[in-house]
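Have a look at the structure below before the remarks.
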Amino acid sequence: MEIRWYIGLAVALFSIGVMGVLTRRNAIIVFMCIELMLNAVNLLLVAFSKMHALSPVGLTNPSVVSNAQIFVFFIMVVAAAEVAVGLAIIVMMYRNTHVVDINFLNRLKN
Amino acid sequence: MDNVLQMVWLIPLLPLIGFLINGLGRNSLSKRMSGIIGSGVILFSFLLSLYVFFNVKGGNSHLAHYFNLIDINSFTIGFDFQIDPLSSLFLLIITGVGFLIHLYSTAYMHEEDGKDYAKYFAYLNLFVFSMLLLVMGGNYVILFIGWEGVGLCSYLLIGYWFKNVNYTNAAKKAFIMNRIGDLGFLLAVFWLLNKLGTTNFTDVFANLSKLSTTDITGITLLLFVGATGKSAQIPLFTWLPDAMAGPTPVSALIHAATMVTAGIYMIARSNVLYNLAPLTQEIIMWIGLATALLAATIALKQNDIKKVLAYSTVSQLGFIFLALGTGNYIAAVFHVMTHAFFKALLFLGSGSVIHGMHHEQDINNMGGLKSKMKITYITFFIGCLAIAGIPPLSGFFSKDSILIGAYEHNKIVYAIALFTACLTAFYMFRLLFITFNGKFRGTEKQWNHVHESPSAMTIPLIILAVLSAIAGFVNIPALFGGTESLTHFLSPVIQQTHQTTLSHATEYMLMGSAVVLILAVISWAYFKFKNYEPKEETSAFGKTLENKWYVDELYNSILVKPLQAIAAFFNTIVEKKGIDGMVNGVGKVVNYGSRQIRLLQSGQIGNYVLLMVLGILVLFIIQLFF
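Chains as they are written, first to last, in this note's numbering: chain A, 3 to 112; chain B, 332 to 957.
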């Protein structure tokens, strides 16, 4: 399978994620889109890792093949931690204001 | 000889000490002490000057070098004093007349507060110090230091009653006109330094062959510009009548006897230089003559006692420059000496009148004062005789030597000068008769107040009257069998190679006709003014004379108004809009910018995320393409 398909899919997923973060009002949806962006990046990293393994450099020294895949693990761990903290913040906000609308929460103004 | 060098530095130092004591201690010194200190130092300087004079008369000249003011590769300028016949003569005049005027001032300024009194004497002492530096200087730079000093003191003393804005304007005018002349002087000094590398009198006069004719003409012309400012010649003379705003003893000392003679001293000192520049001498002669005539015509119609004397001073200075222009340096110095005596006498006499009339200066309100102010009247009369040139008073000898020198040079110049001398006699005697003869025209209260002045004022008057009468005998020409002692005395400094070529008969005729004309003019003045009634000036010519030929108005429209317009332009356009605009503009830009940037902080999380995305995009593009 050509690498083009994987790049195209990852870019599409990422841009959908970006549009979602910029456009949606619900904080939880924004979080979902952030996760979407992270997963798109993971996909791209795995695809490149496989491509690298089949390339001439990867065939000569097989130890560099799994570099990107290990990085994917790191990203997943960070995503999990970030979701935990972010959802905790959203729950606190909801308890105080009973909305999760980000346009409503502009106390940082001025 | 070494004796003289050991104490010659005391002569200017004593007035400087007087200045410091009176200036710094003015709040605590009593009036008596200030007067004693102020006059005493001048008296000591006078005694020292006498000693120096007799030493120099014995045939010695001294050059005292103290330290180097400027000492660089190309040239050195030292702090030198040159004591020779010319400077010792001027030393005597300055300290002698100065002391008499200090003595007079102790009584004249008596109404001032203690500290203003001390301030007055401090300024006067500073003036004498500067003038002594001027005449004792051994090079053009020390002369210039004294030159500037007397200009400064003139400003300080004219504006002595500084609370009156007219007086301070007059002081400003005097100082600024002096400065214009000083520019010419400085340019001449720079030119000399450039061409010869020295400003010492002895060195400059020895090396004149190194200068080209244009050099000499240029330097002498520029020096003369300096002299026009200091000695009130056309075109820089209008400050002197306005300077009468100062106290009368100041007018006597500065504007009659000493400061205005600084220009003449300088030219007499540089006589070797001027003898090589006939073009400049012609110019000096014509300007002196024109000034003399102009001032004499204005004095005919003035009604303030001091203004008449001020214009008389300008006119007499014009005569002296006429003498300098014809190469007759001895006559010029002689007339400076006699003029110092009789003009100081006339000014002090007018001060006595003003004192007696309780600060009234308009002669239309005076008259018939001779019965109540006898000493003032007699001394003033002697002064008028001297200035008119009646033998055997001093004015006759000095003025006649000027006129004879002019006759030999150019007959037309002689005719105009003779006419001016007649005008001099006329306006002076007009002043005398209107003030002292006839009927008193003031109020009853004023008449009761009129009194003879105290002895501190009349004694200087008497001494000066005696000097005005006998001072002519120092230079009796060979015509009368005299020895011309002044000419011989000054011969080491002033080489008057020019001996008179006229026959004795011609000289007698010239002198005689001058005296007869002057006596006729005086008797005409007597009959016209002995019972004077003031009336409005009606004729157009009379009005022009009364308004000083509108010279001040001319200067005002040609020079002052354009300058003020330029200054106003710079103030509104360049200063307010340009420079202030730039400085305020920086503040305004920062203000505006910060207001706009503050709007970014909207508090909307969506906005913040958008900005983050945009920032990453920009960084990405920069990294890819640059």
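Even glycine gets a Cβ: it sits at the ideal position worked out from N, Cα and C.
Top-ranked residue by Cα proximity to residue i, from the options
| i | options | result |
| --- | --- | --- |
| alanine 563 (chain B) | B:Gly482, B:Tyr471, B:Lys450 | B:Gly482 |
| alanine 719 (chain B) | B:Ser732, B:Asn922, B:Val664, B:Tyr758 | B:Tyr758 |
| glycine 560 (chain B) | B:Met597, B:Ser854, B:Ile352, B:Leu945 | B:Met597 |
| valine 459 (chain B) | B:Gly429, B:Ile947, B:Asn768 | B:Gly429 |
| tyrosine 397 (chain B) | B:Gly354, B:Trp340, B:Leu379 | B:Trp340 |
| leucine 584 (chain B) | B:Lys504, B:Ile618, B:Asp546, B:Leu457 | B:Leu457 |
| asparagine 602 (chain B) | B:Leu552, B:Thr832, B:Trp778 | B:Leu552 |
| aspartate 573 (chain B) | B:Phe767, B:Met508, B:Gly445 | B:Met508 |
| tyrosine 486 (chain B) | B:Leu798, B:Val797, B:Gly577 | B:Gly577 |
| phenylalanine 506 (chain B) | B:Leu567, B:Asn525, B:Val496 | B:Leu567 |
| threonine 710 (chain B) | B:Glu867, B:Leu679, B:Ile685, B:Gln692 | B:Leu679 |
| glycine 480 (chain B) | B:Leu948, B:Leu360, B:Leu463, B:Leu676 | B:Leu463 |
| leucine 351 (chain B) | B:Thr774, B:Leu455, B:Lys892 | B:Leu455 |
| alanine 81 (chain A) | A:Val43, A:Thr25, A:Leu56 | A:Val43 |
| glutamate 877 (chain B) | B:Gly356, B:Asp635, B:Gly354 | B:Asp635 |
| phenylalanine 516 (chain B) | B:Leu420, B:Gly477, B:Leu607, B:Thr903 | B:Gly477 |
| methionine 590 (chain B) | B:Trp778, B:Leu422, B:Trp880 | B:Leu422 |
Same chain, Cβ closer than 8 Å to residue i, five either side skipped, listed in chain order
| i | result |
| --- | --- |
| valine 520 (chain B) | Tyr471, Val472, Phe475, Thr530 |
| leucine 378 (chain B) | none |
| histidine 326 (chain B) | For chain B, the structure presents residues 332 to 957; residue 326 (chain B) sits outside this window and is missing. |
| methionine 814 (chain B) | Per the sequence presented here, residue 814 (chain B) reads as threonine, with methionine not at that position. For threonine 814 (chain B), where only same-chain residues beyond five positions count, the Cβ hits under 8 Å are Ile807. |
| asparagine 105 (chain A) | Arg27 |
| isoleucine 595 (chain B) | Ala558, Ser562, Leu648, Ile651, Phe652, Leu655, Ala663, Val664, Val667 |
| phenylalanine 860 (chain B) | Phe760, Arg761, Phe764, Ile765, Asn768, Gly769 |
| valine 85 (chain A) | Phe33, Glu37 |
Buried versus exposed call for residue i [16 or more other C-beta atoms within 10 Å across all chains shown]
| i | result |
| --- | --- |
| aspartate 911 (chain B) | exposed |
| methionine 3 (chain A) | exposed |
| isoleucine 612 (chain B) | A quick correction: the sequence has glutamine, not isoleucine, at residue 612 (chain B). So glutamine 612 (chain B) counts as buried. |
| methionine 461 (chain B) | Position check: residue 461 (chain B) holds serine in this sequence, whereas methionine was assumed. When all chains shown are included, serine 461 (chain B) counts as buried. |
| lysine 674 (chain B) | buried |
| arginine 97 (chain A) | exposed |
| glutamine 633 (chain B) | buried |
| serine 418 (chain B) | buried |
| arginine 965 (chain B) | With chain B running from 332 to 957 in the structure shown, residue 965 (chain B) is simply not present. |
| glutamine 932 (chain B) | exposed |
| lysine 637 (chain B) | buried |
| lysine 325 (chain B) | Beyond the ends of chain B as shown, which are 332 and 957, falls residue 325 (chain B); an answer cannot be given. |
| asparagine 902 (chain B) | exposed |
| aspartate 415 (chain B) | buried |
| glycine 682 (chain B) | buried |
| serine 925 (chain B) | exposed |
| isoleucine 690 (chain B) | The residue asked about is misnamed: residue 690 (chain B) is histidine in this sequence, not isoleucine. Histidine 690 (chain B) is exposed by the Cβ-count criterion. |
| proline 865 (chain B) | exposed |
| alanine 717 (chain B) | buried |
| asparagine 659 (chain B) | buried |
| phenylalanine 858 (chain B) | exposed |
Anticipated Cβ contact below 8 Å, residue i with residue j, distance rounded
| i | j | result |
| --- | --- | --- |
| alanine 395 (chain B) | phenylalanine 412 (chain B) | 4 Å |
| glycine 489 (chain B) | histidine 433 (chain B) | Looking at the sequence provided, one finds isoleucine at residue 489 (chain B) rather than glycine. 18 Å between Cβ atoms; not a contact. |
| alanine 599 (chain B) | threonine 644 (chain B) | About 18 Å separates the two Cβ atoms, so there is no contact after all. |
| valine 20 (chain A) | methionine 34 (chain A) | Actually they are not in contact, since the Cβ atoms of valine 20 (chain A) and methionine 34 (chain A) sit about 13 Å apart, beyond 8 Å. |
| valine 581 (chain B) | glycine 512 (chain B) | 20 Å between Cβ atoms; not a contact. |
| lysine 703 (chain B) | glutamate 783 (chain B) | 7 Å |
| alanine 752 (chain B) | isoleucine 849 (chain B) | 7 Å |
| tyrosine 996 (chain B) | alanine 623 (chain B) | For chain B, the structure presents residues 332 to 957; residue 996 (chain B) sits outside this window and is missing. |
| leucine 607 (chain B) | leucine 539 (chain B) | 6 Å |
Cβ-based neighbour list, residue i, same chain, cut-off 6 Å, excluding 5 preceding and 5 following
| i | result |
| --- | --- |
| tryptophan 522 (chain B) | Ile550 |
| methionine 78 (chain A) | none |
| tyrosine 863 (chain B) | Ile765, Gly769 |
| tryptophan 570 (chain B) | Lys504, Ala505, Met508 |
| threonine 592 (chain B) | Val667 |
Residue i: CB within 8 Å of a non-hydrogen atom of the ligand ADP
| i | result |
| --- | --- |
| asparagine 915 (chain B) | Although the ligand ADP was asked about, the structure shown includes no ligands whatsoever. |
Spatial neighbours of residue i in its chain, beta-carbon cut-off 7 Å, leaving aside the 5 residues before and after
| i | result |
| --- | --- |
| proline 343 (chain B) | Phe460, Leu463, Leu464, Met467 |
| alanine 662 (chain B) | Ala654, Ser729, Ser732, Ile733, Gly736 |
| methionine 842 (chain B) | Asp731 |
Please list the segments of the alpha helix (DSSP H) lying wholly inside the region 423-510 of chain B, counting only runs of 4 or more residues, in order along the chain.
-> 445-467, 471-489
In chain order, each alpha helix (DSSP H) run of at least 4 residues that lies wholly inside the region 774-844 of chain B | 775-780, 786-801, 816-821
Whole beta strand (DSSP E) runs in the region 342-392 of chain B with 3 or more residues, listed along the chain?
-> The DSSP assignment places no complete beta strand (DSSP E) segment of no fewer than 3 residues inside the region 342-392 of chain B.
Ordered list of alpha helix (DSSP H) runs contained in the region 855-906 of chain B, each at least 4 residues | 871-877, 882-886, 892-900
Alpha helix (DSSP H) runs contained entirely in the region 595-652 of chain B, provided each spans 4 or more residues | 602-606, 609-630
Could I get the ranges of all uninterrupted alpha helix (DSSP H) runs contained in the region 700-744 of chain B, with 4 residues as the minimum, in chain order?
-> Segments of the alpha helix (DSSP H) lying fully in the region 700-744 of chain B: 705-719, 725-740.
Length-filtered (4 minimum) alpha helix (DSSP H) runs lying within the region 41-94 of chain A | 58-62
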